[in-house]
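Okay, structure first, notes after.
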Amino acid sequence: MRIAIPDDAAAIACGADAVATAFAGHAPEAEIVRTSSYGMLWLEPLVDIDGIGYGPVTPADIPAILAGDRRLSIGPIADHPFLARQERLTFARAGLTMPLSLEDYVATGGWAGLSRARAIGPAAIVDDVTKSGLRGRGGAGFPAGIKWKTVAEAASERKFIVCNADEGDSGTFADRMLMEGDPYALLEGMAIAGLAVGAMHGFIYVRSEYPQAIAKLTRAIEAAADIIAPFRVEVRVGAGAYVCGEETSLLNSIEGRRGEVRAKPPLPAVEGLFGKPTVVNNVLTLAAVPHILADGGARYAMFGHGRSRGTMPIQLAGNIRHGGLFEAPFGITLGELVHEIGGGTATGRPVKAVQVGGPLGAYHPPSMFHLPFDYEAFTEADGLIGHGGIVVFDDTADMLAQARFSMHFASVESCGKCTPCRIGAIRGRETLDRIRAGGRPVDPVERLPQIHNARPTARNLAEEVALLTDLCETMKFGSLCALGGFTPYPVLSALTHWPEDFGLDPERRVAAE
Amino acid sequence: MRPISGAEALRSSVDTFDAIIAAHRDRDGPLLPILHDIQATFGAVDEAAKRHVAEALNLTRAEVHGVVSFYHDFRDTPAERPVVKLCRAEACQARGAEALAAKAEALAAGRAVVEPVYCLGLCAIGPAAMVGTTPYARLDETAFARLVEEL
Ligand SMILES: Cc1cc2nc3c(=O)[nH]c(=O)nc-3n(C[C@H](O)[C@H](O)[C@H](O)COP(=O)(O)O)c2cc1C
Ligand code: FES
Chain A
1 MRIAIPDDAA
11 AIACGADAVA
21 TAFAGHAPEA
31 EIVRTSSYGM
41 LWLEPLVDID
51 GIGYGPVTPA
61 DIPAILAGDR
71 RLSIGPIADH
81 PFLARQERLT
91 FARAGLTMPL
101 SLEDYVATGG
111 WAGLSRARAI
121 GPAAIVDDVT
131 KSGLRGRGGA
141 GFPAGIKWKT
151 VAEAASERKF
161 IVCNADEGDS
171 GTFADRMLME
181 GDPYALLEGM
191 AIAGLAVGAM
201 HGFIYVRSEY
211 PQAIAKLTRA
221 IEAAADIIAP
231 FRVEVRVGAG
241 AYVCGEETSL
251 LNSIEGRRGE
261 VRAKPPLPAV
271 EGLFGKPTVV
281 NNVLTLAAVP
291 HILADGGARY
301 AMFGHGRSRG
311 TMPIQLAGNI
321 RHGGLFEAPF
331 GITLGELVHE
341 IGGGTATGRP
351 VKAVQVGGPL
361 GAYHPPSMFH
371 LPFDYEAFTE
381 ADGLIGHGGI
391 VVFDDTADML
401 AQARFSMHFA
411 SVESCGKCTP
421 CRIGAIRGRE
431 TLDRIRAGGR
441 PVDPVERLPQ
451 IHNARPTARN
461 LAEEVALLTD
471 LCETMKFGSL
481 CALGGFTPYP
491 VLSALTHWPE
501 DFGLDPERRV
511 AAE
Chain B
1001 MRPISGAEAL
1011 RSSVDTFDAI
1021 IAAHRDRDGP
1031 LLPILHDIQA
1041 TFGAVDEAAK
1051 RHVAEALNLT
1061 RAEVHGVVSF
1071 YHDFRDTPAE
1081 RPVVKLCRAE
1091 ACQARGAEAL
1101 AAKAEALAAG
1111 RAVVEPVYCL
1121 GLCAIGPAAM
1131 VGTTPYARLD
1141 ETAFARLVEE
1151 L
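Listed in order, the protein sequences are those of chains A and B. For the record, in the first sequence the residue sitting at position 250 is 250 according to our numbering, with numbers rising by one throughout. For the record, in the second sequence the residue sitting at position 79 is 1079 according to our numbering, with numbers rising by one throughout.
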């Protein structure tokens, strides 16, 4: 009997370690292994006993399970509809292999991409990645092949590959699962990128909130050093700043500076880490590369929708019944994801809003559930897919409170370099507080004879809302990076779609939609 | 055990600073790894640490202070009680984190410090928290009280 229990942080948070210990006690003859997670998080700890799944398991359930009790069983795991509907390319090994086992990695096609990359050489690698249509999975969706070509063509004796593993967006955990569950795939992707552009040194910048990922990567780097050599990789640990996910801020952080955003140009591809040409790519972008190289870019490009090619590891989070990792070709609709796959809300109440793309992403009402998951479709609908996180809220959500949180978050995390973001976020939070109060009385300071540029009268709700809209405009067009620039998305989408939560006439919504 | 004098404690912390700095100084961008190790060893990056690091890396104290104060992770003084980082980001909010946070301080009952964190990557199984490197999920008031009790 083979009993596999995940050692992923989500499973551990749900008690997987205690379950593993208890199984060892109850079934001493069984082979107990710790594998990666399948990503069906509502079932964690999900125990795989010879291909049959049981979950969520507690130590108290174990004697009954071993005695043949099937009440917690979901049947053969591979046939579960949540998995059967997916197209797992980047997460092909999820749930199946032991994350640090080199034997498992090789047995599941590991290093095939790197071998082919070594055989075909830099120009052909860049060509294949370009052909695959792979776009950056960190948020901006920039074509990976074009970025690599720029770095490859830059003349410099030192170049770097930097993996952005700062994954600060609420509602996202795919980078974490990949680093914990399949760390060699990331190292293989980075080594291929190094070959393609002529870089010998890679950094993985991991947020400090991910200690399990840091530990796994550190061990994986040691174990695979000879395989990826002469390329070498080191882990750098962040220090709790969301903005360090922004690529230039991240580079400053690795260099040991305040994580302030740099003005672009120069692009990191030309002048990046320590001033050298640098590829900065998200974990999922780099981890998609071994598959692309092994099977060819053309195969990857066969999946997808419009200009969004390949598959996207989508993360279903928040108040959702079946939350977890769902890798699918682009084009699947928001409604399918939330209702058919996610099973609606965990509380059983109606869905009110879904925020797509993290704290800088828009809130969408169910009337937008026809939207296909695709970079362009979301941009056209005044939203973004970002890093692929979908956070579901039920009808108890207060959208004014959510809008206020967006401004609050931006004020806490602003790097402070540009004024629209540093000051705008605080003024935005204050304005939303006044909207909550329905306006504000006249301020005694405004009546002082020395004050010439303020109106000495009270402000009503409509005027405060106009002020908020105006402020959002300034932040959107005046901020140096998307932290200030995109915070208006969640704020204005909440205002547009749920005016009643702001004390406004619901008719406004009808006009907007 | 013989009590350690103030001067001895100072000397031993200076030795530790030096050992930490020596372990990283030849790396590209040594400052953040050094600050992380100092905080892991002493529980904080205090004024003495900043001055020492500045001198060793040939930076000004202001430069080091600027870096230390930028990042949420670094503390001026060690936390007096275990720190429970409770996630306050959107996906946990959607699962009731704000109601829990409102009670958290009372539930911690002086045994732990509750601090906000924005996302732990456990967003489908929130409300989530982390103590040291141990993650917790599916927290409600009972589970949170038990977590604190077991610290
Ligand atoms: C405020 C802010 C936070 C960001 N956070 C992340 C992040 O956590 N992870 C990430 O990969 N990209 C993040 N990005 C996007 C990066 O700047 C950059 O576009 C990305 O790392 C490029 O890699 P890719 O092309 O593979 O997506 C962030 C951007 C901004 C403005
Ligand atoms: S939002 Fe709380 S863990 Fe991600």
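Where a beta carbon is used, it is the ideal one built from N, C-alpha and C, also for glycine.
Under 8 Å, do residue i and residue j count as touching if we go by C-beta distance?
{"i": "A/S132", "j": "B/C1119", "result": "no"}
{"i": "A/G484", "j": "A/G424", "result": "yes"}
{"i": "A/P290", "j": "A/L114", "result": "yes"}
{"i": "B/A1129", "j": "B/L1147", "result": "yes"}
{"i": "A/V261", "j": "A/T248", "result": "yes"}
{"i": "A/F373", "j": "A/I314", "result": "yes"}
{"i": "A/I320", "j": "B/A1062", "result": "no"}
{"i": "A/F409", "j": "B/G1121", "result": "no"}
{"i": "B/C1092", "j": "B/P1116", "result": "no"}
{"i": "A/A193", "j": "A/N281", "result": "yes"}
{"i": "A/V270", "j": "A/E413", "result": "no"}
{"i": "A/W111", "j": "A/I227", "result": "yes"}
{"i": "A/E327", "j": "A/T311", "result": "yes"}
{"i": "A/P63", "j": "A/A16", "result": "no"}
{"i": "A/P266", "j": "A/K216", "result": "no"}
{"i": "B/D1073", "j": "A/G240", "result": "yes"}
{"i": "A/F274", "j": "A/E246", "result": "no"}
{"i": "A/E376", "j": "A/R309", "result": "no"}
Output, in chain order, the set of chain B residues within a Cβ distance shorter than 7 Å of residue i.
{"i": "A/N319", "result": "A1094, R1095"}
{"i": "A/P45", "result": "Those within 7 Å of A/P45 in chain B number zero; the least Cβ separation is about 11 Å."}
{"i": "A/L41", "result": "A1124, I1125"}
{"i": "A/S170", "result": "A1089, E1090, A1091, Y1118, C1119, C1123"}
Helix, strand or coil for residue i per DSSP?
{"i": "A/M98", "result": "coil"}
{"i": "A/N460", "result": "strand"}
{"i": "A/R258", "result": "coil"}
{"i": "B/M1001", "result": "In this prediction, B/M1001 scores a pLDDT of 49, lower than 50, which makes its location untrustworthy; the coordinate-derived value is nonetheless stated afterwards. Correct three-state label for B/M1001: coil."}
{"i": "A/P329", "result": "strand"}
{"i": "A/N252", "result": "helix"}
{"i": "A/V338", "result": "helix"}
{"i": "A/K417", "result": "coil"}
{"i": "A/M40", "result": "strand"}
{"i": "A/I426", "result": "helix"}
{"i": "B/E1150", "result": "coil"}
{"i": "A/Q355", "result": "strand"}
{"i": "A/T278", "result": "strand"}
{"i": "A/G53", "result": "strand"}
{"i": "A/R321", "result": "coil"}
Using a cut-off of 7 Å between C-beta atoms, extract the partners of residue i located in chain A.
{"i": "B/P1135", "result": "A9, I12, A13"}
Residues of chain B with a CB under 9 Å from the CB of residue i: which are they?
{"i": "A/I254", "result": "D1028, G1029, L1032"}
{"i": "A/R404", "result": "Residues of chain B passing the Cβ test: none, with the nearest at roughly 12 Å."}
{"i": "A/A22", "result": "Here the premise fails: no neighbours, minimum Cβ distance about 17 Å."}
{"i": "A/P211", "result": "M1130, G1132, T1133, T1134, P1135"}
Taking its Cβ as the centre, do 16 or more other Cβ atoms sit within 10 Å of residue i, making it buried, or is it exposed?
{"i": "B/P962", "result": "No answer is possible for residue 962 of chain B: it lies beyond the span of chain B, which begins at 1001 and ends at 1151."}
{"i": "A/V445", "result": "exposed"}
{"i": "A/D166", "result": "buried"}
{"i": "A/K264", "result": "exposed"}
{"i": "A/D501", "result": "buried"}
{"i": "B/I1020", "result": "buried"}
{"i": "A/Q450", "result": "exposed"}
{"i": "B/T1060", "result": "exposed"}
{"i": "A/P359", "result": "buried"}
Give the interface partners of residue i over in chain A, defined as CB-CB distance under 9 Å, in chain order.
{"i": "B/H1036", "result": "S208, V237, A239"}
{"i": "B/G1066", "result": "R257, R258"}
{"i": "B/R1146", "result": "Within 9 Å Cβ-Cβ: nothing; B/R1146 doesn't reach chain A, min ~12 Å."}
{"i": "B/H962", "result": "Shown here, chain B extends from 1001 to 1151; a query on residue 962 of chain B therefore has no answer."}
{"i": "B/F1074", "result": "A239, G240"}
For residue i, return the contacting residues in chain B, with the cut-off set at a CB-CB distance below 8 Å.
{"i": "A/F173", "result": "G1121, L1122, C1123, A1124"}
{"i": "A/G323", "result": "C1123, A1124, I1125"}
{"i": "A/Y242", "result": "Y1118"}
Which residues of chain A have a Cβ atom closer than 8 Å to the Cβ of residue i, listed in chain order?
{"i": "B/A1104", "result": "Those within 8 Å of B/A1104 in chain A number zero; the least Cβ separation is about 17 Å."}
*asked:* As an exercise, report each continuous beta strand (DSSP E) stretch of at least 3 residues that is fully enclosed by the segment 1019 to 1049 of chain B, in chain order.
replied: none
Margin query: Just to confirm the assignment: which complete alpha helix (DSSP H) runs, minimum length 4, are found wholly within the segment 281 to 319 of chain A?
Written below: 283 to 295, 297 to 302
### Message
Threshold first: 3 residues or longer. Then list the beta strand (DSSP E) segments lying entirely within the segment 61 to 141 of chain A, N to C.
### Response
73 to 76
- request: Under 6 Å from any heavy atom of ligand 3, by CB: list those residues in chain order, please.
  value: Inclusion of ligand 3 in the displayed structure is not the case, the ligand content consisting of ligand 1 and ligand 2 alone.
*Quick one: which unbroken beta strand (DSSP E) runs of 3-plus residues sit fully inside the segment 1109 to 1146 of chain B? Chain order, please.*
1113 to 1117, 1129 to 1131, 1134 to 1136
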